[in-house]
Structure formats: structure tokens, C-alpha cells
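Participant: Heads up: the sequence shown runs through residues 269 to 387, numbered per the numbering used here.
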Amino acid sequence: MKELICIVCPRGCHLRVDEEKDYLVTGNSCPRGAEYGKNELLHPVRVLTSTVRLEGAAVRRCPVKTRQPIARELMLRAAKALDAVTVTAPVRCGDVVLSDLLGTGIDVVATKDFPKTER
Ligand code: SF4
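(1) Is it the case that the segment 275 to 287 contacts the segment 302 to 309, given that we only count it when at least three CB pairs across the two stretches are under 8 Å?
(2) Any heavy atom of the ligand SF4 inside 7 Å of the beta-carbon of Tyr291?
(3) Could you check the C-alpha separation between Val313 and Met269 for me, to the nearest Å?
(4) Under the criterion of a Cβ to heavy atom distance below 7 Å, does Thr276 qualify as lining the ligand SF4?
(5) Does the beta-carbon of Asn296, which I'm using as the reference point, lie nearer than 7 Å to any heavy atom of the ligand SF4?
(6) For Asp286, which of helix, strand or coil comes out of DSSP?
(7) Grouping DSSP H, G and I as helix and E and B as strand, with all else coil, what is Lys306?
(8) So is Gly362 buried or exposed if we call it buried at 16+ other beta carbons inside 10 Å?
(9) What would DSSP say about Lys333, mapped onto helix, strand or coil?
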């Protein structure tokens, strides 16, 4: 039996997941919690948020995130892949800064606008 907090909504239900009963979830107040609890034990995923190097703007880093959640086990490799990325202003929120992250088919996108500036 595993205990975890559901992070799907702010209510934060305390879930219990029984691995011996086909990942039966109890403590959830809605079906999304049951899905989250089962997935969290079988194949946990997270949205990766990070920053990449930015040139031609007033600041040097551009915040980014994956468009969809990726497998938690890929987080470290994904962060390393983003170390090699540099974007150049102007950047628009939603611009793809790295496509098909690690062959997942999931893009990494900018989460903020950065107009081009002269330094
Ligand atoms: S189980 Fe449902 S109500 Fe409870 S935290 Fe998860 S999403 Fe929210």
C-alpha cells in the first residue's frame, strides 16, 4: 500500500494505492485522483519547467516548459538537453525552443515574450 497526495487540483486528497489489488485507489474525491494515483505508481510523469540561454534580450535566460508531461525518469536527461539550447530574441510565448525532446514527440516551448533589445 502506497500513500500519496493527489496533485491534480488544490484540494490535495490523501490517496492510498493498493498494488496488490490492481492499483486500487481510495481516498480520492473524484475519478481524476484514481487515475493520478495509479499512473503515479505505474509510470509517473511531470511537466518539466526550466530555462534556456537567451541572446538579444534584456535578460539572459528564457523560461520554458514541456507542452505535455514527460516520464519522470527522463527529467535529468531532458534538463541536460536544454543546457545546449540557446534562443535569440524576439521570442514569443509558445515558441518551440526544442522540438521532439529526447524522441518523445513532445516540444519544449517558451513561457514568456522577450522583445529584441540592443545592449
Ligand atoms: S482526487 Fe480529485 S478532488 Fe481530490 S485532489 Fe485529486 S483531482 Fe482534486
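Note that CB positions come from ideal geometry on N, CA and C, so glycine has one too.
Facilitator: Taking the definition as stated:
(1) Judged by Cβ distances under 8 Å, the segment 302 to 309 makes contact with the segment 275 to 287, as three or more pairs qualify.
(2) Walking along the sequence shown from the start, residue 291 turns up at place 23. Not under cutoff, so the answer is no.
(3) For the purposes of this step, residue 313 is taken as the residue at position 45 of the sequence shown. For the purposes of this step, residue 269 is taken as the residue at position 1 of the sequence shown. C-alpha separation (whole angstroms): 20 Å.
(4) Indexing the sequence shown from 1 puts residue 276 at position 8. Rather than Thr, the amino acid found at residue 276 in this sequence is Val. Val276: yes, Cβ under 7 Å from the ligand SF4.
(5) As a position in the sequence shown, residue 296 is number 28, starting the count at 1. Closer than 7 Å to some heavy atom of the ligand SF4: that describes the Cβ of Asn296.
(6) Counting from one through the sequence shown, the residue named residue 286 turns up at place 18. DSSP places Asp286 in strand when its eight states are reduced to three.
(7) Translated into positions along the sequence shown, residue 306 becomes position 38. Residue state, collapsed to three classes: helix.
(8) Locating residue 362 in the sequence shown gives position 94, counting from the first residue. Gly362 is classed as exposed because its beta carbon has fewer than 16 other beta carbons within 10 Å across all chains shown.
(9) By 1-based counting over the sequence shown, the position of residue 333 is 65. Shown here, Lys333 sits in a strand according to DSSP, grouped into three states.
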